[in-house]
Amino acid sequence: YSISGNDLKWKKNHLTYRIENYSPDMSVAEIEQSIDKALQVWAKVTPLRFSKVSSDPDIKVLFGGQYHGDSYPFDGPDGTLAHAFAPGPGIGGDAHFDEDELFTFRSQKGYVLFLVAAHEFGHSLGLSHSQDPGALMFPVYTFHDPDTFVLPQDDVSGIQSLYGPNPEGPVDPGVTRPTTPDACDSDLVLDAVTTLRGEMYFFKGRFLWRRPSQSDLPQQSLIANFWRGAPVNIDAAFENPESDRVFLFKDRQVWAFRGYDPVSGYPKSISTFGLPMTVRKIDAALYDEQSGKILFFAGNMQYRYDEAKKTMDEGFPKRIDLTFPDIPGKVTAAFEYRGFAYIYSGRVMFEYSMGSKRLFRLLDNNYFLTC
Amino acid sequence: LCVPLPQRTNLDEQFAEKYLRTFFNFKEENGSVVRRGISPLSQKLREMQEFFGLEITGRLDSDTLKMMSKPRCGVPDIKTSA
Numbered sequence: 072y073s074i075s076g077n078d079l080k081w082k083k084n085h086l087t088y089r090i091e092n093y094s095p096d097m098s099v100a101e102i103e104q105s106i107d108k109a110l111q112v113w114a115k116v117t118p119l120r121f122s123k124v125s126s127d128p129d130i131k132v133l134f135g136g137q138y139h140g141d142s143y144p145f146d147g148p149d150g151t152l153a154h155a156f157a158p159g160p161g162i163g164g165d166a167h168f169d170e171d172e173l174f175t176f177r178s179q180k181g182y183v184l185f186l187v188a189a190h191e192f193g194h195s196l197g198l199s200h201s202q203d204p205g206a207l208m209f210p211v212y213t214f215h216d217p218d219t220f221v222l223p224q225d226d227v228s229g230i231q232s233l234y235g236p237n238p239e240g241p242v243d244p245g246v247t248r249p250t251t252p253d254a255c256d257s258d259l260v261l262d263a264v265t266t267l268r269g270e271m272y273f274f275k276g277r278f279l280w281r282r283p284s285q286s287d288l289p290q291q292s293l294i295a296n297f298w299r300g301a302p303v304n305i306d307a308a309f310e311n312p313e314s315d316r317v318f319l320f321k322d323r324q325v326w327a328f329r330g331y332d333p334v335s336g337y338p339k340s341i342s343t344f345g346l347p348m349t350v351r352k353i354d355a356a357l358y359d360e361q362s363g364k365i366l367f368f369a370g371n372m373q374y375r376y377d378e379a380k381k382t383m384d385e386g387f388p389k390r391i392d393l394t395f396p397d398i399p400g401k402v403t404a405a406f407e408y409r410g411f412a413y414i415y416s417g418r419v420m421f422e423y424s425m426g427s428k429r430l431f432r433l434l435d436n437n438y439f440l441t442c
Numbered sequence: 008l009c010v011p012l013p014q015r016t017n018l019d020e021q022f023a024e025k026y027l028r029t030f031f032n033f034k035e036e037n038g039s040v041v042r043r044g045i046s047p048l049s050q051k052l053r054e055m056q057e058f059f060g061l062e063i064t065g066r067l068d069s070d071t072l073k074m075m076s077k078p079r080c081g082v083p084d085i086k087t088s089a
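Next up, the structure:
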């Protein structure tokens, strides 16, 4: 997290706000509810309290187009969505929203006003942009379901560095605050790994690391920034280069994307890949480019599905250790790369020759994440 | 196989310069002499790439342009007196 400046904070805990005008995109009630909810995101974790007034407020909320009364004109649809000013008199603390944007109450068809406002009020209270891609104060907009939104830990640490914690204790004690995984954490257990058009994607929680083909520096981002509508905390993933599709699995459902574009008709049941009803979820999936067959790992069993024949191969399912005797525990992720199968089990990764199924090396979990 | 880098259009470069001016306090070098070494633009690109966790190339590559095109907040990413 980052703060605007050492003493750029409010010197009082009770702040007032006024909504100067309204966007035609949403009803007055929806706008007022979104603004109040956005302020409460910060009130929940600090001593700060907000009340709506008609007299001269600390924070003015207004919707404006292009030139709207300050030195920072908006730029029409998309691009810059809103901005806000650090705490202070006059324009200090005010939050401006670009009226050329389509703001929504919770739909992904536009920008969810609650999310944009919660971010801007972070600035109104003294926070700057965070470099943590999972933080609310990260500069780029990312959709989250407003009904399940929880302020991430990075933002909580930031605002509490200015105002301290909520003296009334955590408002929602049962909630665990989202954190951003560290690729070089030796305890990191990946959810899934896949290739896509020559790049590698490593999944963990709502995040992924993307490793471009010509670089060994993985770039962390949110899954939602790549695949709109994709699940988080996935179980498995694989790419079928023949059909230029990537499949993401979670529980008994599978999502398909052509590159980054959703394939219509998905999500579907994993029975699509011949997996029986007894399989409640899979742990990993690997596409064998040579044979065009998909290897699924579930518990201590492996299933091999023939994509061309649309059938499960004879002799499957069978125990994993009959093929990969060295893997002691549960498979957590798997992918094929240049003729080798990389099978993750907890904190280690086994490198097998796809052809001979001979174990070559035992590697660290984050071998491809260049730590 | 030598893969040619995608051509940047002039519009891309103008867009990038404006982005860096708005969010990373990029100032063009004025006056007749430009210091040798990394150009101010390349330096700012590196700063922006580091901020967003992109590969730090100092070049306007496709990942950088893609990040610049994402909808975002209008407050600068580095502190400016404004």
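Just so you know, the protein sequences line up as chains A and B, in that order.
Mapping of the first sequence onto my numbering: residues 72 to 442, in sequence order.
Mapping of the second sequence onto my numbering: residues 8 to 89, in sequence order.
All C-beta atoms in this analysis are idealised placements derived from N, C-alpha and C, irrespective of residue type, glycine included.
Taking the alpha-carbon positions, what's the residue i to residue j distance?
{"i": "residue 22 of chain B", "j": "residue 167 of chain A", "result": "23 Å"}
{"i": "residue 300 of chain A", "j": "residue 126 of chain A", "result": "42 Å"}
{"i": "residue 302 of chain A", "j": "residue 177 of chain A", "result": "17 Å"}
{"i": "residue 212 of chain A", "j": "residue 165 of chain A", "result": "19 Å"}
{"i": "residue 352 of chain A", "j": "residue 420 of chain A", "result": "21 Å"}
{"i": "residue 39 of chain B", "j": "residue 210 of chain A", "result": "In this prediction, residue 39 of chain B scores a pLDDT of 47, lower than 50, which makes its location untrustworthy; the coordinate-derived value is nonetheless stated afterwards. Rounded to the nearest angstrom, the two C-alpha atoms are 35 Å apart."}
{"i": "residue 214 of chain A", "j": "residue 437 of chain A", "result": "28 Å"}
{"i": "residue 34 of chain B", "j": "residue 75 of chain B", "result": "18 Å"}
{"i": "residue 93 of chain A", "j": "residue 102 of chain A", "result": "7 Å"}
{"i": "residue 205 of chain A", "j": "residue 291 of chain A", "result": "9 Å"}
{"i": "residue 30 of chain B", "j": "residue 377 of chain A", "result": "51 Å"}
{"i": "residue 268 of chain A", "j": "residue 312 of chain A", "result": "7 Å"}
{"i": "residue 188 of chain A", "j": "residue 325 of chain A", "result": "34 Å"}
{"i": "residue 411 of chain A", "j": "residue 357 of chain A", "result": "11 Å"}
{"i": "residue 194 of chain A", "j": "residue 64 of chain B", "result": "30 Å"}
{"i": "residue 58 of chain A", "j": "residue 80 of chain B", "result": "This structure gives no information on residue 58 of chain A, because the portion of chain A shown stretches from 72 to 442."}
{"i": "residue 19 of chain B", "j": "residue 25 of chain B", "result": "10 Å"}
{"i": "residue 332 of chain A", "j": "residue 112 of chain A", "result": "32 Å"}
{"i": "residue 371 of chain A", "j": "residue 346 of chain A", "result": "15 Å"}
{"i": "residue 235 of chain A", "j": "residue 107 of chain A", "result": "21 Å"}
{"i": "residue 143 of chain A", "j": "residue 135 of chain A", "result": "11 Å"}
{"i": "residue 336 of chain A", "j": "residue 344 of chain A", "result": "15 Å"}
{"i": "residue 232 of chain A", "j": "residue 256 of chain A", "result": "25 Å"}
{"i": "residue 362 of chain A", "j": "residue 173 of chain A", "result": "48 Å"}
{"i": "residue 254 of chain A", "j": "residue 304 of chain A", "result": "16 Å"}
{"i": "residue 84 of chain A", "j": "residue 401 of chain A", "result": "51 Å"}
{"i": "residue 139 of chain A", "j": "residue 78 of chain B", "result": "19 Å"}
{"i": "residue 330 of chain A", "j": "residue 52 of chain B", "result": "27 Å"}
I need the boundaries of the alpha helix (DSSP H) containing residue i, first residue and last residue.
{"i": "residue 6 of chain B", "result": "Since the displayed chain B opens at 8 and closes at 89, residue 6 of chain B lies outside it and no answer follows."}
{"i": "residue 275 of chain A", "result": "Careful: residue 275 of chain A lies outside any alpha helix (DSSP H), inside the beta strand (DSSP E) at 270-275."}
{"i": "residue 292 of chain A", "result": "From DSSP, residue 292 of chain A is part of no alpha helix (DSSP H) but of the beta strand (DSSP E) over 290-293."}
{"i": "residue 53 of chain B", "result": "47-58"}
{"i": "residue 26 of chain B", "result": "17-31"}
Assuming residue i contacts residue j under a Cβ cut-off of 8 Å, what Cβ separation, rounded to an integer in Å, is found between them?
{"i": "residue 110 of chain A", "j": "residue 88 of chain A", "result": "7 Å"}
{"i": "residue 155 of chain A", "j": "residue 192 of chain A", "result": "7 Å"}
{"i": "residue 395 of chain A", "j": "residue 271 of chain A", "result": "The pair is not a contact, with the Cβ atoms about 21 Å apart (cut-off 8 Å)."}
{"i": "residue 198 of chain A", "j": "residue 72 of chain A", "result": "7 Å"}
{"i": "residue 86 of chain B", "j": "residue 159 of chain A", "result": "The Cβ separation is near 14 Å, so there is no contact."}
{"i": "residue 293 of chain A", "j": "residue 278 of chain A", "result": "6 Å"}
{"i": "residue 96 of chain A", "j": "residue 150 of chain A", "result": "Contact flag wrong, Cβ pair sits at about 17 Å."}
{"i": "residue 384 of chain A", "j": "residue 364 of chain A", "result": "7 Å"}
{"i": "residue 121 of chain A", "j": "residue 86 of chain A", "result": "5 Å"}
{"i": "residue 250 of chain A", "j": "residue 285 of chain A", "result": "Going by Cβ atoms, the distance from residue 250 of chain A to residue 285 of chain A rounds to 30 Å, so no, they are not a contact pair."}
{"i": "residue 276 of chain A", "j": "residue 252 of chain A", "result": "6 Å"}
Residue i lies in the beta strand (DSSP E); which residues open and close that run?
{"i": "residue 420 of chain A", "result": "419-424"}
{"i": "residue 311 of chain A", "result": "307-311"}
{"i": "residue 135 of chain A", "result": "130-135"}
{"i": "residue 281 of chain A", "result": "278-282"}
{"i": "residue 192 of chain A", "result": "Here residue 192 of chain A belongs to no beta strand (DSSP E); instead the alpha helix (DSSP H) covers 184-195."}
Please classify residue i: is it buried, with 16 or more other beta-carbons within 10 angstroms of its beta-carbon, or exposed?
{"i": "residue 145 of chain A", "result": "buried"}
{"i": "residue 429 of chain A", "result": "exposed"}
{"i": "residue 273 of chain A", "result": "buried"}
{"i": "residue 56 of chain B", "result": "buried"}
{"i": "residue 317 of chain A", "result": "buried"}
{"i": "residue 373 of chain A", "result": "buried"}
{"i": "residue 390 of chain A", "result": "exposed"}
{"i": "residue 203 of chain A", "result": "buried"}
{"i": "residue 338 of chain A", "result": "buried"}
{"i": "residue 148 of chain A", "result": "exposed"}
{"i": "residue 379 of chain A", "result": "exposed"}
{"i": "residue 152 of chain A", "result": "buried"}
{"i": "residue 246 of chain A", "result": "exposed"}
{"i": "residue 244 of chain A", "result": "exposed"}
*Complete alpha helix (DSSP H) runs within the segment 202-264 of chain A (minimum length 4 residues, chain order)*: Entirely contained in the segment 202-264 of chain A, the alpha helix (DSSP H) runs reaching 4 residues are, in chain order, 224-234.
*Considering only residues of the segment 359-441 of chain A, which uninterrupted beta strand (DSSP E) runs meet the minimum length of 3 residues and lie entirely inside it, listed in chain order?*
Here the runs fully enclosed are 364-369, 372-377, 404-408, 411-416, 419-424, 430-435.
*Where in the segment 91-120 of chain A do unbroken runs of the beta strand (DSSP E), each at least 3 residues long, occur, reported from the N-terminal end onward?*
Counting whole runs of 3 or more residues, the segment 91-120 of chain A contains no beta strand (DSSP E) stretch at all.
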